[in-house]
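Participant: Below is a structure I'd like to ask you about.
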Amino acid sequence: MEVATDLEAWRAAASAARAAGRTVGLVPTMGALHAGHDSLVRAAQRAGDFVVLTVFVNPRQFNDPADLRAYPRDAAADRARAAALGVDLLVEPPLSQMWPADPAPTATTVHVAGLTDGLEGAGRPGHFDGVASVVTKLLVVTGPGRAYFGEKDFQQLAMVRQMVADLGFAVAIEACPIVREPDGLALSSRNVRLSAAARPRALGLSRALAAAAGAPAPASALRARMRAVLEESGVEVAYAEVVDPRTLRPSDDTESGLRRALVAARVDGVRLIDNGPVLITEA
Ligand code: AMP
Numbered sequence: 003m004e005v006a007t008d009l010e011a012w013r014a015a016a017s018a019a020r021a022a023g024r025t026v027g028l029v030p031t032m033g034a035l036h037a038g039h040d041s042l043v044r045a046a047q048r049a050g051d052f053v054v055l056t057v058f059v060n061p062r063q064f065n066d067p068a069d070l071r072a073y074p075r076d077a078a079a080d081r082a083r084a085a086a087l088g089v090d091l092l093v094e095p096p097l098s099q100m101w102p103a104d105p106a107p108t109a110t111t112v113h114v115a116g117l118t119d120g121l122e123g124a125g126r127p128g129h130f131d132g133v134a135s136v137v138t139k140l141l142v143v144t145g146p147g148r149a150y151f152g153e154k155d156f157q158q159l160a161m162v163r164q165m166v167a168d169l170g171f172a173v174a175i176e177a178c179p180i181v182r183e184p185d186g187l188a189l190s191s192r193n194v195r196l197s198a199a200a201r202p203r204a205l206g207l208s209r210a211l212a213a214a215a216g217a218p219a220p221a222s223a224l225r226a227r228m229r230a231v232l233e234e235s236g237v238e239v240a241y242a243e244v245v246d247p248r249t250l251r252p253s254d255d256t257e258s259g260l261r262r263a264l265v266a267a268r269v270d271g272v273r274l275i276d277n278g279p280v281l282i283t284e285a
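In terms of the numbering used here, the sequence shown opens at residue 3 and continues consecutively.
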């Protein structure tokens, strides 16, 4: 496995892979790698890609400085995991090259309107501008033919698809299913911050989604069902929504069909998100 800690070395390695006739597959992450990230790498390997895994905790997507400080980081473990997975190029981009402060400070922001207004966007101002800006730079420097994103971050995936279509990036966006613990908890780098007491409460999110998926009902009834499960679990609910999976617009009770349920909650100070498919019926 090659490791690039410099932007030009990273660009050169990806470019050499393309020159050798390989399709480059980009897997962007913030590190603290877990089996969810592994699944993205494996999808890229199945496609035959030259796999470029980036590990960058992007400060621009954190609206809360305390959350950024507390975000788990383990570069040594990430390197070992990436090597064991058979990643071709591990990139650890330096902050000074991603978002330079000097001599030409970063002045560019990528903003995707509409899709980013609700859900995570409503509770985390600036978050999606930070994500759109970093994903743009990762795509521009890497030049991948395919890029892999988890459905775990459903709104992020929708935003990236929109952005790539709007800006004409020559990259296929590949969506990967959510990887869960055996008890249903969606894997997340933030899970390591859950105390033993909070861990069972965190199951409220996947239970709420399972309850919503269990029996079709009008959108408002599914929202209420999810909220009840979340509240019973003792988590602090941020939202429990049912939306159109493409536009992310909240569904109303005149609609029916396949929709996406999304939940966010704080568990012992740790903010968790999850989502899954649901069927809604007309009221
Ligand atoms: P992160 O490091 O949390 O920014 O995530 C990097 C990528 O891994 C994103 O595309 C996530 O959606 C994806 N990812 C994170 N957790 C999971 C999971 N449990 N299952 C599938 N993909 C995931």
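Cβ coordinates follow ideal geometry from the N, Cα and C atoms, glycine included.
Report the residue ranges of all alpha helix (DSSP H) runs contained in full by the stretch 207-235; include only those spanning at least 4 residues, in chain order.
Facilitator: List check, alpha helix (DSSP H) in window: 221-235.
Participant: Using the Cβ count rule (16 or more neighbours within 10 Å means buried), how would you classify Val142?
Facilitator: So Val142 counts as exposed.
Participant: Is it the case that the Cβ atoms of Leu35 and Pro95 are separated by a distance below 8 Å?
Facilitator: Going by C-beta atoms, Leu35 is not nearer than 8 Å to Pro95.
Participant: Run through DSSP, which three-state label would Ala11 get?
Facilitator: Three-state DSSP puts Ala11 in a helix.
Participant: Can you tell me whether DSSP reads Asn277 as helix, strand or coil?
Facilitator: Of the three classes helix, strand and coil, the one that applies to Asn277 here is strand, per DSSP.
Participant: May I ask you to report which of helix, strand or coil DSSP gives Phe52?
Facilitator: In the structure shown, Phe52 sits in a strand (DSSP, three-state: E or B).
Participant: Answer with buried or exposed for Pro220, where buried requires no fewer than 16 other C-beta atoms within 10 angstroms of its C-beta.
Facilitator: So Pro220 ends up on the buried side.
Participant: If we count the other Cβ atoms within 10 Å of its Cβ and call it buried at 16 or more, is Thr7 buried or exposed?
Facilitator: Looking at its Cβ environment, which holds fewer than 16 other Cβ atoms inside 10 Å, Thr7 is exposed.
Participant: Could you name the residues of the same chain whose beta carbon sits closer than 6 Å to that of Arg182, not counting the 5 residues immediately before and after it, in chain order?
Facilitator: Same-chain partners within the cutoff: Ala188.
Participant: I'd like to check one pair, Leu140 with Pro61: are the Cβ atoms closer than 8 Å?
Facilitator: Going by C-beta atoms, Pro61 is not nearer than 8 Å to Leu140.
Participant: DSSP three-state call for Val181: helix, strand or coil?
Facilitator: Residue state, collapsed to three classes: coil.
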